[in-house]
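Q:
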Amino acid sequence: SLQLKTGLPFKAGDIVNLKKLDQGLENLKRVYAVDMQITPASAQDKELTGYSDLILKLQPLQKFNFNLSVDDSGNQDTGTYMGNIGIGVNNPFHLNDILSLNVSHSLDDFNEDLNRSYFISYQLPVGYYDLGLSYNDYQYKQTVLGGNGPLLYHGNSQQANLNLSRVISRSGQHKTSVYGKLYHKESQSFIDDIEINVLHRRTSGWNLGFQHRQYLGNAVLDGSIDYRRGMGVGARTAPEENITDVYGNHLPVEGYSRAPLWSADLRYTTPFLLLEKPAQYRLNWRGQYAPKILVPNDRFYIGGRYSVRGFDGELMLSGDNGQYLQQEISLNAPIPNTQFYMAVDQGWVNGRNSIPGQRYLLGSVLGLRTYQNSFYLDAFTGRGLIAPDSIKKDWVTGFSINLSY
Numbered sequence: 021s022l023q024l025k026t027g028l029p030f031k032a033g034d035i036v037n038l039k040k041l042d043q044g045l046e047n048l049k050r051v052y053a054v055d056m057q058i059t060p061a062s063a064q065d066k067e068l069t070g071y072s073d074l075i076l077k078l079q080p081l082q083k084f085n086f087n088l089s090v091d092d093s094g095n096q097d098t099g100t101y102m103g104n105i106g107i108g109v110n111n112p113f114h115l116n117d118i119l120s121l122n123v124s125h126s127l128d129d130f131n132e133d134l135n136r137s138y139f140i141s142y143q144l145p146v147g148y149y150d151l152g153l154s155y156n157d158y159q160y161k162q163t164v165l166g167g168n169g170p171l172l173y174h175g176n177s178q179q180a181n182l183n184l185s186r187v188i189s190r191s192g193q194h195k196t197s198v199y200g201k202l203y204h205k206e207s208q209s210f211i212d213d214i215e216i217n218v219l220h221r222r223t224s225g226w227n228l229g230f231q232h233r234q235y236l237g238n239a240v241l242d243g244s245i246d247y248r249r250g251m252g253v254g255a256r257t258a259p260e261e262n263i264t265d266v267y268g269n270h271l272p273v274e275g276y277s278r279a280p281l282w283s284a285d286l287r288y289t290t291p292f293l294l295l296e297k298p299a300q301y302r303l304n305w306r307g308q309y310a311p312k313i314l315v316p317n318d319r320f321y322i323g324g325r326y327s328v329r330g331f332d333g334e335l336m337l338s339g340d341n342g343q344y345l346q347q348e349i350s351l352n353a354p355i356p357n358t359q360f361y362m363a364v365d366q367g368w369v370n371g372r373n374s375i376p377g378q379r380y381l382l383g384s385v386l387g388l389r390t391y392q393n394s395f396y397l398d399a400f401t402g403r404g405l406i407a408p409d410s411i412k413k414d415w416v417t418g419f420s421i422n423l424s425y
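Residue numbers for the sequence shown follow my numbering, so the first one is 21 and each next one is one higher.
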């Protein structure tokens, strides 16, 4: 069938290759429970001597997956509490493919100050290749006081991505892949019905990178390196690239929208014993380097649950270059499938678009994670330890609740 031809990177009559077999099973297991057997071909047919039959028994996974979540990851201006509904369709075109749709919406005041997003993605594996398409639409609005009454500050952004990756090496201990990506995004902001032209952005570009996973005994190491570059096709010159004074004279550029950008990620997880109790250590590092100065959207930001925990994320530090390091130890709790965790995070920014004396954060967090059947909860409290005066170091709390089916 076409499904097996696209999912398996080999054909009838090929010599058995365990790496190709692993890749094919990985593709099929996206949408099936797979039982595999390799048996000698019929002894009655001498032409098949030395050949084997690959027998695959495929049990389809459920056709639809549903996900419902609530958290407090939003911001005070457009809504702190966020709700998300996700729907996944397994094998919609019988090609081992997956179609996903997610809708998120602020819950504080459903029809007033809000942020709302829609995300749709499609993944199709073909042998060693994986094709991905995605589209995201984001909208927000906020009512602010003006001199003659309330003003509606609102905006929107859209982004479309086309990704293609290929596994170039794999074994029982590692997997390495390379990828390319094309993207196009646009954003606009308004006060009432008047557009703020300096906030109108439209960019296009491409990414190249590689990803690697390595199993080190019971430990797992994941790493990636990405290079991104903007293009002129379908793009709009950023205001920071064309600044003039009142006389029309050009002033120094404050940021390039097509600037090259390097980024890297490293994640490491390993189990160990702490006071003779099972524990786990997690490390998560991310860094960014830009040879040229960047526009605000591309700069590196730290402070908040997704970078340096212990801060509320309402105000952040930024720079053209930066990195953060999260280190966490978790302990198994008496309740099954539950862990207590503690972490210390730190982050740095630098470059022309950073502020001297405001380039470093250190934060801490204590929390609990539990997974019971289809229910997942993550709740934490944290506090900033080192920060400039512009960033609050008060205690913060957060949570995320997820139900899946």
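All residues carry an ideal CB built from backbone N, CA and C; glycine is no exception.
Rounded to the nearest angstrom, what separates Ile-107 and Asp-414 at their Cα positions?
A: Within the sequence shown, the letter at position 87 stands for residue 107. Within the sequence shown, the letter at position 394 stands for residue 414. Those two C-alpha atoms are separated by around 37 Å.
Q: Closest by CA to Gln-43, which one among Ser-338, Thr-196, Gly-175?
A: On the sequence shown, position 23 is the one that residue 43 refers to. Minimum Cα distance to Gln-43 is reached at Thr-196.
Q: What runs of the beta strand (DSSP E), each 3 residues or longer, lie entirely inside the segment 148-184?
A: If we require 3 residues or more, the beta strand (DSSP E) runs fully inside the segment 148-184 come out as 149-166.
Q: Kindly provide the ranges of any beta strand (DSSP E) runs that are 3 or more residues long and lie completely inside the segment 221-261, ordered along the chain.
A: Taking only runs of at least 3 residues, the beta strand (DSSP E) segments lying wholly in the segment 221-261 are 221-236, 239-251.
Q: Alpha carbon to alpha carbon, what distance is there between Pro-272 and Thr-264?
A: As a first step, residue 264 must be located in the sequence shown, where it is residue number 244. As a first step, residue 272 must be located in the sequence shown, where it is residue number 252. Taking the straight line joining both Cα atoms gives about 9 Å.
Q: In this structure, what does DSSP give as the bridge partners for Glu-215?
A: On the sequence shown, position 195 is the one that residue 215 refers to. Glu-215 is bridged to Phe-210.
Q: Rounded to whole angstroms, what's the CA-CA distance from Leu-184 to Lys-312? Just pull it up for me.
A: Here residue 184 refers to the residue found at position 164 when the sequence shown is read from its first residue. Here residue 312 refers to the residue found at position 292 when the sequence shown is read from its first residue. Taking the straight line joining both Cα atoms gives about 27 Å.
Q: Count the other C-beta atoms from every protein chain shown that fall within 10 angstroms of the C-beta of Gln-56, then say buried if there are 16 or more, exposed otherwise.
A: As a first step, residue 56 must be located in the sequence shown, where it is residue number 36. The question names Gln, but residue 56 in the sequence shown is Met. Classification for Met-56: exposed.
Q: Are three or more beta carbon pairs between the segment 204-216 and the segment 229-239 nearer than 8 Å?
A: Touching, no.
Q: Starting from Leu-115, follow the beta strand (DSSP E) in both directions and report where the run begins and ends.
A: The residue given as residue 115 occupies position 95 in the sequence shown. Element bounds for Leu-115: n/a, residue is neither H nor E.
Q: Roughly how many whole angstroms lie between the Cα atoms of Glu-261 and Arg-287?
A: Within the sequence shown, residue 261 is the residue found at index 241, counting from 1. Within the sequence shown, residue 287 is the residue found at index 267, counting from 1. Their backbone Cα atoms lie some 36 Å apart in a straight line.
Q: If you pair each beta-carbon of the segment 100-120 with each one of the segment 138-152, do three or more pairs fall below 8 Å?
A: Result yes; three or more Cβ-Cβ pairs closer than 8 Å.
Q: For the beta strand (DSSP E) containing Asp-42, list its first residue and its last residue.
A: Within the sequence shown, the letter at position 22 stands for residue 42. Taken as a continuous stretch (DSSP letters only), Asp-42 belongs to no beta strand (DSSP E), being part of the alpha helix (DSSP H) at 38-48.
Q: Pop quiz: Ser-177 and Tyr-158 are said to be a contact at Cβ under 8 Å. What is the actual Cβ separation, rounded to whole angstroms?
A: Translated into the one-based positions of the sequence shown, residue 177 becomes position 157. Translated into the one-based positions of the sequence shown, residue 158 becomes position 138. Yes, they are in contact, since the Cβ atoms of Ser-177 and Tyr-158 sit about 5 Å apart, within 8 Å.
Q: According to DSSP, simplified to helix, strand and coil, what is Thr-98?
A: Locating residue 98 in the sequence shown gives position 78, counting from the first residue. Note: Thr-98 maps to coil in three-state DSSP.
Q: Relative to the alpha-carbon of Gly-237, which residue among Asp-213, Val-198, Arg-306, His-194 has its alpha-carbon at the smallest distance?
A: Taking the first residue of the sequence shown as 1, we reach residue 237 at position 217. If we check each option's Cα against that of Gly-237, His-194 comes out closest.
Q: Got a sec, what are the start and stop residues for the alpha helix (DSSP H) Gln-82 sits in?
A: Along the sequence shown, read from residue 1 onward, the residue named residue 82 stands at position 62. Where Gln-82 is concerned, there is no enclosing alpha helix (DSSP H), given that its DSSP letter is neither H nor E.
Q: Is the segment 334-341 in contact with the segment 290-306, if contact means three or more CB pairs nearer than 8 Å?
A: Touching, no.
Q: Return yes when the Cβ of Ile-421 is within less than 9 Å of the Cβ of Phe-400, no when it is not.
A: Residue numbering aside, residue 400 sits at position 380 when the sequence shown is read from its first letter. Residue numbering aside, residue 421 sits at position 401 when the sequence shown is read from its first letter. Their beta carbons are not under 9 Å apart, which means Phe-400 does not touch Ile-421 by this criterion.
Q: Taking the straight line between their C-alpha atoms, what separation do you get for Gly-342 and Gly-404?
A: Mapped onto the sequence shown, residue 342 falls at position 322. Mapped onto the sequence shown, residue 404 falls at position 384. Looking at the two C-alpha atoms, the distance is approximately 18 Å.
Q: Cutting at 8 Å between CB atoms, please list the residues of its own chain near Phe-84, excluding the five before and the five after it.
A: Taking the sequence shown and counting its residues from 1, one reaches residue 84 at position 64. Ile-107, Gly-108, Val-109, Asn-110.
Q: Give me the Cα-Cα distance between His-220 and Gln-82, rounded to the nearest whole angstrom.
A: Taking the first residue of the sequence shown as 1, we reach residue 220 at position 200. Taking the first residue of the sequence shown as 1, we reach residue 82 at position 62. Approximately 43 Å, taken between the alpha carbons.
Q: Does the Cβ-Cβ distance between Gly-367 and Ile-411 come in under 9 Å?
A: By one-based count along the sequence shown, residue 367 stands at place 347. By one-based count along the sequence shown, residue 411 stands at place 391. No.
Q: What residue range does the alpha helix (DSSP H) around Thr-26 cover?
A: Here the question's residue 26 lines up with position 6 in the sequence shown. Taken as a continuous stretch (DSSP letters only), the alpha helix (DSSP H) holding Thr-26 covers 22-27.
Q: I'd like to check one pair, Gly-275 with Tyr-247: are the Cβ atoms closer than 9 Å?
A: For this step, residue 247 is matched to residue 227 along the sequence shown. For this step, residue 275 is matched to residue 255 along the sequence shown. Cβ distance not < 9 Å, so Tyr-247 and Gly-275 don't count as in contact.
Q: From Ser-124 to Asn-104, what distance separates their C-alpha atoms?
A: On the sequence shown, position 104 is the one that residue 124 refers to. On the sequence shown, position 84 is the one that residue 104 refers to. The alpha-carbon atoms of Ser-124 and Asn-104 are separated by roughly 4 Å.
Q: Within its chain, find whatever has a CB closer than 7 Å to the CB of Arg-325; leave out the 5 residues flanking it on each side and keep chain order.
A: Taking the first residue of the sequence shown as 1, we reach residue 325 at position 305. Counting only Cβ-Cβ distances below 7 Å, and skipping sequence neighbours, we find Ser-93, Gly-333, Gly-418.
Q: Pull up the distance between the alpha-carbon of Lys-25 and that of Leu-115, whole angstroms please.
A: Mapped onto the sequence shown, residue 25 falls at position 5. Mapped onto the sequence shown, residue 115 falls at position 95. Approximately 9 Å between the Cα atoms of the pair.
Q: Can you name, in chain order, every residue of its own chain whose Cβ lies under 8 Å from the Cβ of Arg-278, other than the five neighbours on each side?
A: For this step, residue 278 is matched to residue 258 along the sequence shown. So the list reads Thr-223, Gly-225, Arg-249, Gly-250, Met-251, Gly-252, Ala-255, once near-sequence residues are dropped.
Q: At what residue ranges does the segment 370-412 contain a whole run of the beta strand (DSSP E), taking only runs of 3 or more?
A: Runs found: 380-392, 395-406.
Q: In its own chain, which residues sit with a C-beta less than 6 Å from the C-beta of Val-218, not counting the 5 before and 5 after it?
A: As a first step, residue 218 is located in the sequence shown; it is residue number 198 there, counting from the start. So the list reads Pro-259, once near-sequence residues are dropped.
Q: Note down, in chain order, each residue of its chain lying with its Cβ closer than 7 Å to the Cβ of Ile-245, except the 5 sequence neighbours on either side.
A: To locate residue 245, count along the sequence shown from 1; it is residue 225. Only Gly-229, Phe-230, Ala-284 meet the Cβ criterion.
Q: How close, in whole Å, do the beta carbons of Phe-210 and Gly-175 come, if the pair is a contact with beta carbons under 8 Å?
A: Walking along the sequence shown from the start, residue 210 turns up at place 190. Walking along the sequence shown from the start, residue 175 turns up at place 155. That pair is a contact at about 6 Å.
Q: Name the DSSP bridge partner or partners of Asp-55?
A: Numbered from its first residue, the sequence shown carries residue 55 at position 35. For Asp-55, which the question treats as bridged, DSSP gives the partners Lys-77.
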